[in-house]
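Chains as they are written, first to last, in the numbering used here: chain A, 7 to 242; chain E, 7 to 242.
This is how it looks when you write it as structure tokens:
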């Protein structure tokens, strides 16, 4: 499935192209704003992977349009068939209190799968870069958000594709890696992000209203508080 | 989608578990036979990724059953949305003569995507290993079949998952890596593989009959010839 928002600029070889992973949440929307501000022609990609709600896909489409993406692609992939996470298996509850260790909202190998598909699309497009909004500061302890993981993915990607073999490897950019949630929010506001249009909640309802209880809501709320900015999130 | 062939042995913690990527072709069927002969409880995974024909998925289901897989999972993933390959874009012809360089049948980042999803399932299952039938001898020049690529994927996988972080990394096994096609055929026959039930052709018809012209058919035919074994392939 592909929604071409503006006419794809595939004939324009002077513009740098980037594939941006967008979930519709706070972090990836900020990353899209950053990539756009750096002059990239932005190709956004989202995944319909069996997550609990579609509100984040609607938000991803909205923010892609807002930041004038050349194309927004939604790739369907049934990660629910694999299970093992509260985000793709409705029989596992999303925790509403802080827990030790890697939480049940961790989706097995999710960033690896998403980055791999983005890598394939980037190769087809002849893109220079992939942007992903992983963060190693205010995060949920997921192994695939750590800098050493990203470095290893980059090393693998340098050997994986025809483009890389032919001398044009792609760079994986993680502009949020070392930022706190409040830093991300401040940066995004400078770049024109309207956070009221983003959905971070793990169990938002169909209208995109957030639960205010899950780990993702908690980190997001703290971020606005620490940034000294009113929280524009729409809660149930 | 999941087809449980026999009752999954998830309660049996003494058996080693492995996820085996099976395409229904000659190489991956041999890999399945190898994993089974090594005492692994085999969980086979195939991908409905927009390839040209379904005959290989039928063959994968058949060989999974033949080798008594604990489960065979078919994951749907629309790689056709990304395009860029003769195998997923019917507007690009499958070449029928030998060509220089990486051929148009290369699917961008395919092994990376397939291994990533296998990694996710392996983590959910608590598996010890993933088996993939890549081969660096009689192959089509795909970058993601080379040993240095597999090593890099392994290094990335060691950092990617909750299991790895908690001290239980998965091993990626590539038992065919250094074998010629004829060696693979000899080994598979010893292990009971019936190659007449496998489909390697890039453009097989709905009955699984092979074209005898594409690169994959050419390599397969040479293999039987060099092994001194009658070619059991069903051609159109």
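No residue lacks a Cβ here, since even glycine has one placed at the ideal position from N, Cα and C.
In this text the structure is predicted, and so the values were computed from the model without any measurement.
Touch test, the region 19-31 of chain A against the region 133-149 of chain A, Cβ-Cβ under 8 Å, three pairs minimum: yes
Less than 8 Å separating the beta-carbons of residue 126(E) and residue 115(A)? yes
Use the C-beta contact count for residue 237(A): other C-beta atoms within 10 angstroms, 16 or more gives buried, fewer gives exposed. buried
Cβ-based neighbour list, residue 204(A), same chain, cut-off 7 Å, excluding 5 preceding and 5 following: 30, 31, 32, 35, 65, 69
Could you work out which residues of chain A lie near residue 89(E), taking near to mean beta carbons separated by less than 7 Å? 130
Exposure of residue 128(E), with buried meaning 16 or more beta-carbon neighbours within 10 Å: buried
Backbone CA spacing between residue 123(A) and residue 179(E) [nearest angstrom]: 22 Å
If I'm right that residue 183(A) touches residue 117(A) with Cβ under 8 Å, what's the distance once you round it to whole angstroms? The pair is not a contact, with the Cβ atoms about 13 Å apart (cut-off 8 Å).
Residue 63(E): buried (16+ other C-beta within 10 angstroms of its C-beta) or exposed? buried
From 241(A), 148(A), 120(A), residue whose alpha carbon lies closest to that of residue 170(E): 148(A)
Could you check whether the Cβ of residue 136(A) sits closer than 8 Å to any Cβ belonging to chain E? no
Using a Cβ cut-off of 8 Å (strictly closer), state whether residue 183(E) contacts chain A. no
Measure the C-alpha to C-alpha separation of residue 158(E) and residue 159(A) and round it to an integer number of angstroms. 8 Å
Contact with chain E by residue 154(A), beta-carbon distance below 8 Å: yes
From the DSSP output, read off the bridge partner residues of residue 54(E). 82(E)
Straight-line Cα distance separating residue 196(E) from residue 72(E): 15 Å
Evaluate the contact criterion for the region 44-63 of chain A versus the region 75-87 of chain A: three or more CB pairs, one atom per stretch, below 8 Å. yes
Determine whether the Cβ of residue 176(E) lies closer than 8 Å to any Cβ atom of chain A. no
On the DSSP bridge list, what partners appear for residue 24(A)? 48(A), 135(A)
Can you look up residue 68(E) in the DSSP assignment and give me helix, strand or coil? helix
Beta-carbon of residue 83(A) versus every beta-carbon of chain E: anything under 8 Å? yes
Between the CA atoms of residue 99(A) and residue 214(A) - distance to the nearest angstrom: 19 Å
Determine which residues share a DSSP beta bridge with residue 155(E) and list them. In DSSP, residue 155(E) forms no bridge with anything.
Name, please, each residue of chain E whose Cβ falls closer than 7 Å to the Cβ of residue 125(A). 115, 118
Rounded separation between residue 202(E) and residue 191(E) - CA only: 12 Å
Measuring alpha carbon to alpha carbon, tell me which of 234(A), 113(A), 218(A), 121(A) ends up nearest residue 187(A). 234(A)
Which of the three DSSP states is assigned to residue 178(E) in this structure? strand
Just verifying my parser: in three-state terms, what is the DSSP assignment at residue 77(E)? strand
Is the Cβ of residue 187(E) closer than 8 Å to any Cβ of chain A? no
Just grab the DSSP bridge partners of residue 241(A) for me. 216(A)
Just the chain A side, please: which residues come within less than 9 Å of residue 70(E) by C-beta, in chain order? By Cβ distance, chain A contributes nothing, its closest Cβ being about 15 Å from residue 70(E), past 9 Å.
With DSSP as the reference, label residue 211(A) as helix, strand or coil. coil
Exposed or buried, which one is residue 212(A) when buried takes at least 16 other CB atoms within 10 Å? exposed
Would residue 140(E) count as contacting chain A if we go by Cβ distances under 8 Å? no
Is the CB-CB distance between residue 161(A) and residue 161(E) below 8 Å? yes
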